[in-house]
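Asker: Handing you a structure now.
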Amino acid sequence: MSDSPKNAHKVTDEADVVLVGAGIMSATLGAMLRQLEPGWSQVIFERLDGAAQESSSPWNNAGTGHSALCELNYTPEKNGKIDISKAVNINEKFQVSRQFWAHQVEEGILSDPQEFINAVPHVSFGHGADQVAYIKNRYNALKDHPLFPGMEYADDQETFAEKLPLMAEGRDFSDPVAISWIKEGTDINYGSQSKQFLKAAEDGGTEIRYGHEVKDITKDGAKWKVTVKNVHTGDTQTIRANFVFVGAGGMALPLLQKSGIPEIRGFGGFPVSGEWLRCTNEELIEQHAAKVYGKASVGAPPMSVPHLDTRVIDGEKGLLFGPYAGWTPKFLKEGSYTDLFSSLRPTNLASLLGVGVQEMGLTKYLITEVVKDTKARMESLREYMPNAKEEDWELITAGQRVQVIKPVGAPRFGSLEFGTTLISNSEGSIAGLLGASPGASIAPAAMIELLERCFGDRMIEWGDKIQEMVPSYGKKLANEPEMFAELWEYTQKTLKLEKA
Numbered sequence: 134m135s136d137s138p139k140n141a142h143k144v145t146d147e148a149d150v151v152l153v154g155a156g157i158m159s160a161t162l163g164a165m166l167r168q169l170e171p172g173w174s175q176v177i178f179e180r181l182d183g184a185a186q187e188s189s190s191p192w193n194n195a196g197t198g199h200s201a202l203c204e205l206n207y208t209p210e211k212n213g214k215i216d217i218s219k220a221v222n223i224n225e226k227f228q229v230s231r232q233f234w235a236h237q238v239e240e241g242i243l244s245d246p247q248e249f250i251n252a253v254p255h256v257s258f259g260h261g262a263d264q265v266a267y268i269k270n271r272y273n274a275l276k277d278h279p280l281f282p283g284m285e286y287a288d289d290q291e292t293f294a295e296k297l298p299l300m301a302e303g304r305d306f307s308d309p310v311a312i313s314w315i316k317e318g319t320d321i322n323y324g325s326q327s328k329q330f331l332k333a334a335e336d337g338g339t340e341i342r343y344g345h346e347v348k349d350i351t352k353d354g355a356k357w358k359v360t361v362k363n364v365h366t367g368d369t370q371t372i373r374a375n376f377v378f379v380g381a382g383g384m385a386l387p388l389l390q391k392s393g394i395p396e397i398r399g400f401g402g403f404p405v406s407g408e409w410l411r412c413t414n415e416e417l418i419e420q421h422a423a424k425v426y427g428k429a430s431v432g433a434p435p436m437s438v439p440h441l442d443t444r445v446i447d448g449e450k451g452l453l454f455g456p457y458a459g460w461t462p463k464f465l466k467e468g469s470y471t472d473l474f475s476s477l478r479p480t481n482l483a484s485l486l487g488v489g490v491q492e493m494g495l496t497k498y499l500i501t502e503v504v505k506d507t508k509a510r511m512e513s514l515r516e517y518m519p520n521a522k523e524e525d526w527e528l529i530t531a532g533q534r535v536q537v538i539k540p541v542g543a544p545r546f547g548s549l550e551f552g553t554t555l556i557s558n559s560e561g562s563i564a565g566l567l568g569a570s571p572g573a574s575i576a577p578a579a580m581i582e583l584l585e586r587c588f589g590d591r592m593i594e595w596g597d598k599i600q601e602m603v604p605s606y607g608k609k610l611a612n613e614p615e616m617f618a619e620l621w622e623y624t625q626k627t628l629k630l631e632k633a
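Below is the structure:
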């Protein structure tokens, strides 16, 4: 769609805040800043003709509330011992998300939580003796932790069939299985959530320009000059901003490179695409109610961990399996085949080449995935759902992710990162978020980190308001079990999850 009458008037030449991208990251930061500084003007530029059409689209991501309840890559096994530190850290950040979303519901910024968050059990699945032992060890490591209450475990056929009938039907149980689960997991439609945030933003005076692509970001004294092109008319305009946030998904890297800030030197990006099998049989969809995560293949990136996934999108229940990893040089699903090559710089070549040498397992995995045909994809699905039939599934393209390649010293030169990385300049006047998993699930925690880094001189003044938005701010809920229980009850009720 082209500019609507509501936002068709000319964008001012000056703004306090420019947000690049109309996805969940910009939407979250914009919502926070509107409450902290309601007098600041905000402008959002989005190259596509609507909100949340790239990584935030519900069909472009797994929609998992990444609280590490079931994702096995967050609990690696080292020398026979389960390391839960990453799982606890991610769970802490997801609790920040729940609190912030609940506060926004109470404030009327987010209108209907059931449009973007629904209760879906989170299940960890293993088969074969080694995986069964791992699932049990992981369960024992997490079951008594305050942030993982009510975790259960089973390795018998009867319980497995009761919890996961689609996965039990036709299964040869001579190959042992084990599951652990927490029934209070969630499925999240980040697209719907973004749209609710952005509607409230427009109602509050934020200018949102769809169909406008940011072409350049350059320093202009103490401000930033943002050059924008209308993709429909070809017209360009510039706007000067006190602060710029680049929440442009995979394109954050090239735009931060154009800004010339030294903090982006040496960083690169490795694009990974994905595909899903989406179930078209309503009877099968109704028989499964869980997000079931298994063990990743050797060399697989975390975003490619296989899962049989109940989704709730626009009030309709769905079922996905995947993702199947692929490769393209695009940095966005609607991007250009020149994106990767355009991001190459003399300063990041060593990082990219270093990762290329180190990550041969990933390269081999991606080649294997790219050449998979329908038969091979169905074989992968049948590890989870033995009786799966090809006619009940269709292949859809998922979103594009750009994994961060971080510069490090010799002898490694570069490091492939599988989380999110916040980049900001020393003055705190520009920032951007690189990377993917766990991405949208921890957007509020990531944006609070941005506030601390870029607006440190205002944090004392903002402290009470931030604590109102996130009551646990400044504390670790892992060390405050009573506070966790109280806030869990509050968010369950406010987000309408308690009766699910």
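My numbering puts the first residue of the sequence shown at 134, with every later residue one more than the last. In this text, a Cβ means the ideal position worked out from N, Cα and C, and glycines have one as well. Please read these numbers as outputs of a predicted model, since none were measured by experiment.
Just to check my reading of the structure: Ser257 and Tyr426 have Cβ atoms closer than 8 Å, yes? What is that Cβ distance to the nearest angstrom?
Answerer: Indeed they touch by this definition, with Cβ atoms about 6 Å apart.
Asker: Unbroken alpha helix (DSSP H) runs of length 4 or more, entirely within the segment 235-275: which are they?
Answerer: You should have 262-275.
Asker: With a CB to CB cut of under 6 Å and the five nearest residues on each side skipped, what residues in its chain are close to Gln290?
Answerer: Phe306.
Asker: Whose C-alpha, out of Gly399, Glu240, Asp353, is nearest the C-alpha of Glu601?
Answerer: Per the Cα distances, Glu240.
Asker: Alpha carbon to alpha carbon, how far is Asn612 from Ile217? Give it in angstroms, no decimals.
Answerer: Between Ile217 and Asn612, the C-alpha separation is close to 15 Å.
Asker: Here's the rule: buried if 16 or more other CB atoms are within 10 angstroms of the residue's CB, otherwise exposed. What is Asp525?
Answerer: With 16 or more other Cβ atoms within 10 Å, it is buried.
Asker: By DSSP, does Ile321 sit in helix, in strand, or in coil?
Answerer: Ile321 falls in the strand class under three-state DSSP.
Asker: Helix, strand or coil for Leu152? Go by DSSP, reduced to three states.
Answerer: Leu152: strand per DSSP, three-state reduction.
Asker: I'd like the list of long-range same chain contacts for Leu628, defined as Cβ closer than 8 Å, with 5 residues on each side in sequence excluded.
Answerer: Only Arg231, Trp234, Ala235, Val238, Pro246, Ile250 meet the Cβ criterion.
Asker: My guess is that Ser513 and Pro462 are in contact by the Cβ rule of under 8 Å, so how many angstroms apart are they, rounded?
Answerer: With 8 Å as the limit, Ser513 and Pro462 do not qualify as a contact, their Cβ atoms being about 25 Å apart.
Asker: On the three-state DSSP scale, how would you describe Leu630?
Answerer: It is coil, neither helix nor strand.
Asker: So, are the CB atoms of Gly561 and Ser484 less than 9 Å apart?
Answerer: Going by C-beta atoms, Gly561 is not nearer than 9 Å to Ser484.
Asker: Can the beta-carbon of Leu473 be found closer than 9 Å to that of Met158?
Answerer: No. Outside cutoff.
Asker: Jot down the residue ranges of each uninterrupted alpha helix (DSSP H) in the segment 305-356, minimum 4 residues, whole runs only, in chain order.
Answerer: Here the runs fully enclosed are 323-336.
Asker: Can you give me the C-alpha to C-alpha distance between Pro254 and Leu549, rounded to a whole angstrom?
Answerer: Their backbone Cα atoms lie some 31 Å apart in a straight line.
Asker: Give the secondary structure of Val603 by DSSP, where H, G and I count as helix, E and B as strand, and everything else as coil.
Answerer: Note: Val603 maps to coil in three-state DSSP.
Asker: Can you tell me whether Asn363 is helix, strand or coil according to DSSP?
Answerer: Correct three-state label for Asn363: strand.
Asker: Between Cys412 and Leu386, what straight-line distance do the alpha-carbon atoms span, to the nearest angstrom?
Answerer: Looking at the two C-alpha atoms, the distance is approximately 35 Å.
Asker: Tell me which residue opens and which closes the alpha helix (DSSP H) that Glu295 is part of.
Answerer: Its alpha helix (DSSP H) spans residues 290-296.
Asker: What is the DSSP secondary structure of Leu453, reduced to helix, strand or coil?
Answerer: In this structure, Leu453 counts as strand in the three-state DSSP scheme.
Asker: So what does DSSP say about Ala422, is it helix, strand or coil?
Answerer: Here Ala422 sits in coil by DSSP.
Asker: Can you have a look at Ser557 and say buried or exposed, based on whether 16 or more other CB atoms are within 10 angstroms of its CB?
Answerer: Under this definition Ser557 is a buried residue.
Asker: Round the Cβ separation of Glu204 and Asn270 to the nearest angstrom and send it over; I've been treating them as touching at under 8 Å.
Answerer: Actually they do not touch by this definition, with Cβ atoms about 16 Å apart.
Asker: What number of angstroms, rounded off, separates the C-alpha of Ile312 from the C-alpha of Lys276?
Answerer: Distance between the alpha carbons of Ile312 and Lys276 is about 13 Å.
Asker: Compute the beta-carbon to beta-carbon distance between Gly383 and Gly402, rounded to the nearest angstrom, for a pair I have assumed lies under 8 Å.
Answerer: Indeed, because the Cβ distance is near 7 Å, the residues count as touching under 8 Å.
Asker: Compute the Euclidean distance between the alpha carbons of Gln228 and Ser200, then round it to the nearest angstrom.
Answerer: If you take the alpha carbons of Gln228 and Ser200, they lie about 8 Å apart.
Asker: Restricting to runs no shorter than 3 residues, where is the beta strand (DSSP E) found entirely within the segment 538-595?
Answerer: If we require 3 residues or more, the beta strand (DSSP E) runs fully inside the segment 538-595 come out as 547-550, 553-557, 563-568.
Asker: For Ser406, list the residues DSSP reports as bridge partners.
Answerer: Paired residues: Gly459.
Asker: Buried or exposed: which applies to Lys522, given that a residue is buried once 16 or more other Cβ atoms fall within 10 Å of its Cβ?
Answerer: Classification of Lys522: exposed, given that the 10 Å Cβ count is below 16.
Asker: Can you name, in chain order, every residue of its own chain whose Cβ lies under 6 Å from the Cβ of Gln625, other than the five neighbours on each side?
Answerer: Glu631, listed in sequence order.
Asker: In the DSSP assignment, find the unbroken alpha helix (DSSP H) run with Arg373 in it and report its ends.
Answerer: Premise fails: Arg373 lies in the beta strand (DSSP E), 369-379, not in any alpha helix (DSSP H).
Asker: Closer than 8 Å is the cut-off here; do at least three beta carbon pairs connect the segment 335-345 with the segment 280-299?
Answerer: No, the segment 335-345 does not touch the segment 280-299.
Asker: For Val535, collect the residues of the same chain with a Cβ closer than 6 Å to its Cβ; drop the 5 residues on either side in sequence, then sort them by chain order.
Answerer: Gly383, Gly402, Pro404, Phe464, listed in sequence order.
Asker: Quick check: Thr553 and Pro571, are their CB atoms within less than 9 Å of each other?
Answerer: In contact: Thr553 and Pro571 (Cβ atoms closer than 9 Å).
Asker: Where does the unbroken beta strand (DSSP E) through Asp442 begin, and where does it stop?
Answerer: First-last of the beta strand (DSSP E) with Asp442: 440-446.
Asker: Are Gly407 and Gly459 close, meaning C-beta to C-beta below 9 Å?
Answerer: It is a contact, given that the beta carbons lie within the stated cut-off.
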